[in-house]
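Going by the UniProt record's numbering, the sequence shown runs without a break in its numbering and finishes at 164. All residues carry an ideal CB built from backbone N, CA and C; glycine is no exception. What follows is one structure encoded as structure tokens, with my remarks underneath.
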Amino acid sequence: MSRSPAASVPFETTLLVRDTCLCLHVQRAARTLARRFDEALRPLDLTNGQFSLLMSLNRPQPATMGEVADLLAMDRTTLTAALKPLERRGLVAIEANPADRRGRLLRLRPAGLKTLTRALPVWQALHGEIDGTLAHADPQRLRDDLRILTGDAGISPPASAPQR
Numbered sequence: 001m002s003r004s005p006a007a008s009v010p011f012e013t014t015l016l017v018r019d020t021c022l023c024l025h026v027q028r029a030a031r032t033l034a035r036r037f038d039e040a041l042r043p044l045d046l047t048n049g050q051f052s053l054l055m056s057l058n059r060p061q062p063a064t065m066g067e068v069a070d071l072l073a074m075d076r077t078t079l080t081a082a083l084k085p086l087e088r089r090g091l092v093a094i095e096a097n098p099a100d101r102r103g104r105l106l107r108l109r110p111a112g113l114k115t116l117t118r119a120l121p122v123w124q125a126l127h128g129e130i131d132g133t134l135a136h137a138d139p140q141r142l143r144d145d146l147r148i149l150t151g152d153a154g155i156s157p158p159a160s161a162p163q164r
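Structure, rendered in structure tokens:
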């Protein structure tokens with residue numbers, strides 16, 4: 001079965017998309033970074049997603065499901081599924097929100113904080129290594145540009161936060 005010429009996409013277009021598509025390049029970079037962080041965090045029985053979720057709960061007050069879902073750019077169903085193994089391991093608590101009984105509050109448990117404390121040096125070392133591979137570029141500019149793409153351009157790290 002041959003394709004009709006009117007319905008075909010020239011191979012040059014395929015190459016153009018391969019070389020210029022921001023979505024493709026961000027997805028490839030995200031998958032590569034996720035694999036590297038997963039490998040580094042594996043001895044702690046964490047994935048990069050679990051590390052990010054635990055870190056998002058490291059705050060003075062419990063967070064709502066919506067706050068965490070927004071921060072991690074997840075829908076609530078996906079967040080609920082991601083929380084379940086961490087809750088079973090006793091790393092996070094999911095509690096009723098006293099201000100809204102339909103809502104849930106998420107809190108890091110002491111075991112979760114201990115796990116996060118052990119994982120942080122692993123994250124810092126790999127993050128520093130990755131920033132080092134971007135020495136010819138501007139890692140902070142890349143982060144700023146990604147914030148623009150995610151609609152978080154108005155969110156900047158606090159002055160005291162490390163710029164990694």
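Task: Burial state of R104 (16 or more Cβ within 10 Å) - done: Working through the sequence shown from its first residue, we reach residue 104 at position 104. It is buried - the Cβ of R104 has at least 16 other Cβ atoms within 10 Å.
Open item on the list: For the region 57-74 against the region 99-119, do three or more pairs of beta-carbon atoms, one drawn from each stretch, fall closer than 8 Å, so that the two count as touching?
Closed with: yes
Task: Nonlocal neighbours in the same chain, by C-beta distance under 8 Å from D38, ignoring five residues either side - done: Position 38 of the sequence shown holds residue 38. T47 and N48.
TODO: Measuring alpha carbon to alpha carbon, tell me which of V26, L22 and R118 ends up nearest D45.
DONE: Taking the first residue of the sequence shown as 1, we reach residue 45 at position 45. Nearest C-alpha to D45: R118.
Task: Rounded distance between the beta-carbons of L120 and R109, thought under 8 Å - done: What you label residue 109 is simply residue 109 of the sequence shown in a count that begins at 1. What you label residue 120 is simply residue 120 of the sequence shown in a count that begins at 1. Rounded, the Cβ-Cβ distance is 17 Å, inconsistent with contact.
Task: Separation of R107 from K84, as counted between CA atoms - done: Taking the first residue of the sequence shown as position 1, residue 84 is located at position 84. Taking the first residue of the sequence shown as position 1, residue 107 is located at position 107. Those two C-alpha atoms are separated by around 13 Å.
Task: CA nearest to the CA of G128, picked from R36, V9 and R28 - done: Looking up residue 128 in the sequence shown gives position 128. Of R36, V9 and R28, the residue nearest in Cα terms is R36.
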